[in-house]
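Residues 1 to 726 (full-length UniProt numbering) make up the sequence shown, in order.
Beta carbons: idealized from backbone N, C-alpha and C, even for Gly.
For clarity, every value in this text was computed on a predicted model and none was experimentally measured.
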Amino acid sequence: MLLPMPFPGPFDYAAPAEMALQPGDIVTVPLGHRRQTGVVWDATSSLPPEFAPPPQRTVDAAKLRPVAERLELPPLTAELRRFVDWVAAYTLSAPGMVLAMTLRLHMRGVPTPSTGWLAAFPQPDGLRLTPARQKVLTLLADGTARTTTDLATTAGVGPGVVKGLADAGALTPVPLGPERAFAAPDPFHNLPVLEGAQAEATDALRQTVAEGRFSVTLLEGVTGSGKTEIYLEAIAACLEQGKQALVLLPEIALSAQWMERFTRRFGTQPAIWHSEVGQRARRLTWHGTADGSATVVVGARSALFLPFKNLGLIIVDEEHEALFKQEEGVIYSARDMAVVRARLAGFPIVLVSATPSLESLANVEAGRYRHLVLPSRHGGAALPETRILDMRDHPPPRGLFLSPALTEELTATFERKEQAMLFLNRRGYAPLTLCRACGHRMECPHCTAWLVEHRNRKILSCHFCDHTEPMPEACPSCGAEQSLTPIGPGIERITEEARHLFPDARILVMASDTLGGPAATAEAVGKISRREVDLVIGTQIVAKGWHFPHLTLVGIVDADLGLGGGDLRAGERTIQLLHQVAGRAGRASTPGRVLLQSYTPEHPVMQALLSGDFDAFMTQEAEQRRPGFWPPYGRLAALIVSADTAVAADDAAAALGRVAPYGDGIQVLGPAPAPMAILRGRHRRRLLLRTRKSIAVQPILRRWLGLVKLERQVRVDVDIDPVSFL
């Protein structure tokens, strides 16, 4: 019995004969003095020997406690159980913690019947009719029962109005039946007209889906080439076969415009799965995937663990995005694990990007992935013209951050009644606040990080642990008043500058702390599409596949941001992000222009953006990594040691360092303080295991960790294939 808890493996329980339990059945079992939901697990592991966990000790059958109850829930499929085992073994996580991502507590129980309301007849004497109440009763005059939410939304009143009518006896409750209906997307609704390279790519994907075998296809296309429309046709082919499809998006904000495209193509919306969906809707989607009624699901990385009944296709959009990596709890890459799930179940998967990751390109080179390329934009639109503004030659006025050359282009764009975008991947007003009198820097008390000023809210905030404090009037170190000054720009400061330069421009700010969720994002996107906005100012959220046909100018305020430090993927990440941002310009008939403000225009990333030769840059990047067997030509695994005190973290890291593995093709770097040496009050040290591609790191790590006994306050997190080195 596998329980969704951090135990090293399944537990043994006695199976009552009358239950006739089978692997995959969801049950409740006694655990201590309480009951816990779990899953009947397979007796033998299907994992390869190097991944298989150590055997569990057996328990005398007479001592086993019986299973308490089998729940009326669809059993987890054999494919999903193998997937849970595989993810746990690959990431060196407790299998129960992987199961917990599938078996959430709020998924327990079948969907309950909902209650609707009809108007009572006759109406009670003395009923006080307000205009709001009259709207509700008028709506119910057609005899159709509606839920409280439906009534309130359609009538434009608050739920309290409906409740008041019910309490007064003016409404009669009516059971509506279980809430599990998902409108079926119609694969033949609003068929697109595709030509040339689009039609060829569509035919290839449709054929792949029809064959129904495991394969990985990398769909690469320049921004605006119609990649979404193409993979929607692959989804249509999957639906025609009666199978389910899953689309993974890196950012839930993307779902707003994506949903419009999906609805236009299929006539209805898919099921949605992400952290901001309510518990009731999540429960319905969970059951819908398990019983097959939710035929298409779009969601964030956790949607990969839904219990699909008949999954036949996975699409990973923007596959290069680091957001697909889960950095806490079970540390995994949703992109890579999606490939594993497709392989275990034997169906195709499509990875989509305008700027593919080096890992995916290496798999294409090795013949493991098929490569479909769309070299031009859809509908005859041209790629934007790119220009680098050398800030040494075009410096902004003192205290400002926009080059005169960029402001001139913005002015001309507004005069033509076109839209523009300014991009800076930095939230807040300023990334650093220091004292002019003594040089004191405002730092987070819990992290090795500067506090970011958010002037609109008059606070200083840590973007790593969410610590906030009021902006002080005086320096906390020397007491000097009015001495604290902001250093560097965030988007709030750029917005302030833009409002001063363009007082008549309608400005919209798009950042994670200004958009409250998908609904607010959809509203912002609608304003831009309706041309109610002249200038969009945003962080990386604006790079995510938006289609704004009237946006013709993109200005990148600090193109060098992200190139510093010792991050292995700094160049790759920067060119991907800036290429995606640049791709927002000129997506319709009007040509687009991109201006990059840089102090290092000679950097290979800047030159690649200027020439538009992404492939040449990635080839150069590959040649730099290959000799030292850096990913994707070798394997990495990080051990992150954390403790309440620096001494405990140092001692534990040193102990691990003393017994570090070594051998041909194996190297351990560290221990060393992590770049983020203190995070949320815990002191952190890192060790990095690097091996040749042919060497599996999991057995090495398992043996290595088994050699050291750690104090209770020390925790070691294992990150296989790390993408972040903080």
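Which two residues bound the contiguous alpha helix (DSSP H) that contains tryptophan 450? Counting along the chain, tryptophan 450 falls outside any alpha helix (DSSP H), and DSSP gives it neither H nor E.
Which residues in the same chain have their Cβ closer than 7 Å to the Cβ of proline 661, if we skip the five residues on either side of it in sequence? Val668, Ile700, Trp704
Own chain residues within Cβ distance below 6 Å of methionine 97, not counting five before or after: Pro6, Val330
Helix, strand or coil at arginine 180 according to DSSP, with G and I counted as helix: Per-residue confidence for arginine 180 stands at a pLDDT of 47, beneath the threshold of 50, marking its modelled position as unreliable; the derived number appears in the next sentence. Arginine 180: coil per DSSP, three-state reduction.
Whole-angstrom Cβ separation of methionine 510 and valine 542, contact assumed at under 8 Å? 5 Å
What is the DSSP secondary structure of residue 740, counted as helix, strand or coil? This structure gives no information on residue 740, because the portion of the chain shown stretches from 1 to 726.
For leucine 171, which of Pro185, Asn190, Gly367, Thr148 has the nearest alpha-carbon? Thr148
Straight-line Cα distance separating arginine 680 from histidine 440: 21 Å
Here's the rule I'm using: 16 or more other beta-carbon atoms within 10 Å means buried, otherwise exposed. How should glutamate 497 be labelled? buried
Please state whether DSSP places aspartate 644 in a helix, a strand or coil. coil
Residues near arginine 146 in its chain [Cβ-Cβ closer than 8 Å; skip 5 each side]: Gly116, Trp117, Leu139, Leu140, Thr154
Can you list, in chain order, the residues of its chain whose CB lies under 8 Å from that of proline 591, leaving out five sequence neighbours each side? Ala382, Pro384, Glu385, Thr552
If you draw a straight line from the C-alpha of valine 216 to the C-alpha of asparagine 310, how long is it? 19 Å
Beta bridge counterpart(s) of threonine 468 as assigned by DSSP: Ser461
Who does tyrosine 369 pair with in a DSSP beta bridge? For tyrosine 369, which the question treats as bridged, DSSP gives no partner whatsoever.
7 Å Cβ shell around leucine 47 - same chain, five flanking residues per side excluded: Asp85, Trp86, Ala89
Three-way DSSP call (helix, strand, coil) for valine 330 in this model: coil
Give me, in chain order, the residues of the same chain whose beta-carbon lies closer than 7 Å to that of alanine 166; leave out the 5 immediate sequence neighbours on both sides. Trp117
Just reading off the alpha helix (DSSP H) that arginine 605 is part of, what are its end residues? Checking the displayed sequence, the identity of residue 605 turns out to be valine instead of arginine. Per DSSP, valine 605 belongs to the alpha helix (DSSP H) from 604-611.
Helix, strand or coil at glutamine 713 [DSSP, three-state]: coil
In terms of residue numbering, what span does the beta strand (DSSP E) encompassing methionine 421 cover? 419-423
Glutamate 229 (DSSP reduced to helix, strand or coil): helix
Taking the DSSP output, what are the residues bridged to lysine 325? Ser333
Whose CA, out of Gln482, Leu451, Arg301, Val29, lies closest to the CA of proline 16? Val29
In chain order, what residues of the same chain have a beta carbon less than 6 Å from the beta carbon of arginine 343, not counting five sequence neighbours either side? Phe214
Could you tell me the boundaries of the alpha helix (DSSP H) in which glutamine 624 lies? 614-625
Per DSSP, which residues does arginine 635 bridge with? Please list them. Thr691
Is the Cβ of arginine 335 closer than 9 Å to any Cβ of chain D? Of the chains in the structure shown, none is chain D; there is only one protein chain.
Pull up the distance between the alpha-carbon of valine 716 and that of tryptophan 286, whole angstroms please. 32 Å
Tell me whether the segment 262-275 and the segment 283-297 touch, counting them as touching only if at least three CB pairs, one residue from each stretch, are closer than 8 Å. yes
Glutamine 540 - containing alpha helix (DSSP H), residue span: Taken as a continuous stretch (DSSP letters only), glutamine 540 belongs to no alpha helix (DSSP H), as it is neither H nor E.
At least 3 beta-carbon pairs within less than 8 Å: the segment 185-196 vs the segment 257-271: yes
Can you grab the Cα-Cα spacing for the pair glutamate 321 / alanine 585, in whole Å? 20 Å
Count the other CB atoms within 10 Å of the CB of proline 122; is the residue buried (16 or more) or exposed (fewer)? exposed
Looking at leucine 656 and proline 675, is the spacing between their C-beta atoms short of 9 Å? no
Cut-off 6 Å between Cβ atoms - residues of its own chain near residue 730, not counting five sequence neighbours on either side: Nothing in the structure corresponds to residue 730, since the chain is present only between 1 and 726.
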